[in-house]
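Residue numbering for the sequence shown follows the numbering used here, starting at 8 and increasing by one per position. Below: one structure, written as structure tokens.
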Amino acid sequence: MTSRQADLFIPIIPTFTLSVFRFPLTLMTRFPRPAGLPEVDPLDQTLRAELQHIIDTRTKPPGSLGRLEALARQMGLIQRSTHPTVARPAMIVFAGDHGIAAEGVSPYPQAVTAQMVANFLAGGAAINALSRVAGLELEVVNAGIATPLPSAQGLVDIPVARGTRNFAHEPAMTRAEALAALQAGAARVRHHAALGTNVIGFGEMGIANTSSAACLMSRLCSVPIDECVGRGTGLDNAGLARKRNVLSAALAHHAQTQAPLDVLATFGGFEIAMMAGAYLAAAEARMTILVDGFIATSALLVADAFSPDVREYCVFAHASNEAGHRRMLDHFGAQPLLSLDMRLGEGTGAALAVPLLRAATAFVNEMASFDSAGVADRDA
């Protein structure tokens with residue numbers, strides 16, 4: 008049983024999760040799941056023994072490829088195949104603005120969100136460079152940017168609204184807006200599934216979205232906000248103290264908000280809500296999902312609150328250097344593939360993990376077995 012399942016009302020927690028579980032072990036009230044969201048099935052374990060036999064009989068000592076072996080097995084189970092592949096891998100970057108930016112929680116002006124989206128579309132951002140290296144199809148989605156954007160090739164322009172409201176004073180969005188964003192994110196994944204994608208990652212852009220992610224983490228994981236808040240795009244000490252105070256007051260203002268959809272609507276961003284819906288649709292489509300950093304993982308917290316089986320389809324790409332992300336990883340009992348002190352977002356950490364997925368599928372499909380190579384196994 009996973010740690011999130013423990014949060015979701017099952018009181019028996021195995022001891023192996025306790026060594027990494029830093030959060031209070033609380034029993035949450037069960038909330039009804041919103042209608043119309045993608046349905047996620049538990050990972051089919053039928054091929055586990057066969058996949059393990061294939062992995063173990065490749066010409067190598069058992070377990071000598073380390074976590075690549077677990078990755079290959081997970082991808083085989085997701086794809087229900089003993090020959091897993093990486094087909095048309097895609098990265099969707101969702102962008103949206105946040106009303107909480109008005110409280111001075113970011114050193115950058117809100118206009119930077121639209122400016123960076125223009126940079127994505129021009130091919131000049133980090134995610135563009137890393138997507139090219141990884142062979143990723145890159146899509147940029149306007150989920151809810153405050154500044155009107157001109158039409159541009161490569162932009163999927165589906166804003167729910169021009170930025171969220173300021174959750175220091177009122178919910179960031181209505182329940183209807185949150186559901187619309189969840190469904191819009193799911194629709195983008197279904198578009199890529201129809202084109203043959205079986206590996207997908209999600210990135211984000213939105214000034215002040217670390218504030219939104221920190222509040223989602225605090226409320227969904229029952230963690231004090233001070234353990235969730237980081238410097239974001241580079242706050243100094245005074246700015247960090249202000250950010251903590253603003254978010255602490257906002258959480259107190261919305262103290263009665265507990266149901267996952269209400270938590271998302273109150274503290275989330277349109278880009279985070281679309282990512283949450285995208286996670287659910289990707290798991291429904293049996294894709295391998297690459298999870299990026301702090302904000303992307305906060306969206307997974309939301310998706311996981313709706314359908315805990317979603318985590319079985321996830322590969323945690325890297326450990327962000329943003330404060331709070333390692334605590335999120337502990338919450339999921341996750342071991343990230345990479346730890347490079349990155350904290351950019353945009354999906355950059357997820358993009359860097361794609362070659363590891365290619366390597367995992369390559370050794371399963373291309374290495375000889377002991378029998379086919381005429382090499383004696385150790386038991387012989």
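Glycine residues also receive a C-beta, built at the ideal position from the N, C-alpha and C atoms.
(request) With DSSP as the reference, label Ile-152 as helix, strand or coil. (result) coil
(message) Run through the DSSP bridge pairs and tell me what Gly-213 is partnered with.
(response) DSSP lists no partner for Gly-213.
(request) Taking 8 Å as the threshold, find out whether the segment 60-75 comes into contact with the segment 134-143 through three or more Cβ pairs. (result) no
(message) Assuming Pro-114 and Leu-242 are in contact, meaning their beta carbons sit under 8 Å apart, how far apart are those beta carbons, in whole angstroms?
(response) 6 Å
(request) Report yes or no: do the segment 287-304 and the segment 353-367 share at least 3 C-beta pairs separated by less than 8 Å? (result) yes
(request) Taking 9 Å as the cut-off, decide whether the C-beta atoms of Glu-291 and Ile-85 are in contact. (result) no
(message) Would Glu-234 and Ala-306 be called neighbours here (beta carbons separated by less than 9 Å)?
(response) no
(request) Apply the 10 Å Cβ neighbour rule to Phe-23 and answer buried if 16 or more other Cβ atoms are within range, or exposed otherwise. (result) Low confidence applies here, because Phe-23 scores a pLDDT of 28, under 50, leaving its location unreliable and the question unanswered by this model.
(request) Determine the DSSP secondary structure at Val-371, reduced to helix, strand or coil. (result) helix
(message) Going by the DSSP bridge assignment, what does Arg-65 pair with across the sheet?
(response) Ser-376
(request) Report the partner residues of Phe-323 according to the DSSP bridge assignment. (result) Val-298
(request) Taking only runs that begin and end inside the segment 96-172, name each unbroken beta strand (DSSP E) of 3 or more residues, in chain order. (result) 97-103, 144-151 and 162-164
(request) Measure how close the beta-carbons of Ala-109 and Val-236 come, nearest whole angstrom, since I'm counting them as under 8 Å. (result) Not really, about 17 Å apart at Cβ, beyond 8 Å.
(message) Using only the alpha-carbon positions, how far apart do Gly-192 and Phe-101 sit?
(response) 9 Å
(message) Let's see if you can read the secondary structure: which residues bound the alpha helix (DSSP H) around Ile-85?
(response) 74-86
(message) If you follow the alpha helix (DSSP H) that Ile-279 is in, where does it begin and where does it stop?
(response) 277-291
(message) Quick test of the definition: if touching needs 3 or more C-beta pairs under 8 Å, does the segment 243-252 touch the segment 154-169?
(response) no
(message) Alpha carbons only, please: which of Thr-120, Ser-88, Cys-222 and Arg-172 is nearest the one belonging to Thr-154?
(response) Thr-120
(request) Would you mind reading off the limits of the alpha helix (DSSP H) that contains His-261? (result) No alpha helix (DSSP H) holds His-261; DSSP gives it neither H nor E.
(request) Leaving aside the five residues before and after Met-282 along the sequence, list all residues of the same chain whose C-beta is less than 7 Å from its C-beta, in chain order. (result) Phe-101, Gly-192, Phe-209, Glu-211, Ala-303 and Ala-306
(request) Measure the CB-CB distance between Val-148 and Ile-99 and report whether it falls below 9 Å. (result) yes
(request) Write down the C-beta distance between Ala-179 and Gly-106 rounded to the nearest angstrom, noting that I regard them as a contact closer than 8 Å. (result) 6 Å
(request) Would you identify the three-state DSSP class for Arg-241, choosing helix, strand or coil? (result) According to the sequence shown, residue 241 is Gly rather than Arg. Gly-241: coil per DSSP, three-state reduction.
(request) Return the CA-CA distance between Leu-32 and Gly-239, expressed in angstroms with no decimal places. (result) For Leu-32, the pLDDT reaches just 33, beneath the cut-off of 50, and the residue's location in the model is therefore unreliable, although a value from the coordinates is still provided. Each residue's alpha carbon lies about 27 Å from the other.
(request) Would you kindly work out how many angstroms separate the C-alpha atoms of Ala-341 and Ala-326, rounded to a whole number? (result) 10 Å
(message) Can you find the residues in the same chain that come closer than 8 Å, C-beta to C-beta, to Arg-80, ignoring five residues on each side of it along the sequence?
(response) Arg-55, Leu-58, Gln-59 and Ile-62
(request) Could you check what DSSP says for Val-361 in three-state terms: helix, strand or coil? (result) helix
(request) Find out if the Cβ-Cβ distance for the pair Pro-267, Phe-339 is shorter than 9 Å. (result) no
(request) Under 6 Å Cβ to Cβ from Pro-91, same chain only, skipping five residues before and after it: list those, please. (result) Met-82, Gly-83 and Thr-368
(request) Assign Gln-390 to buried or exposed, taking buried as 16 or more other Cβ atoms, counted over all protein chains shown, within 10 Å of its Cβ. (result) There is simply no residue 390 to check, as the chain begins at 8 and stops at 387 in what is shown.
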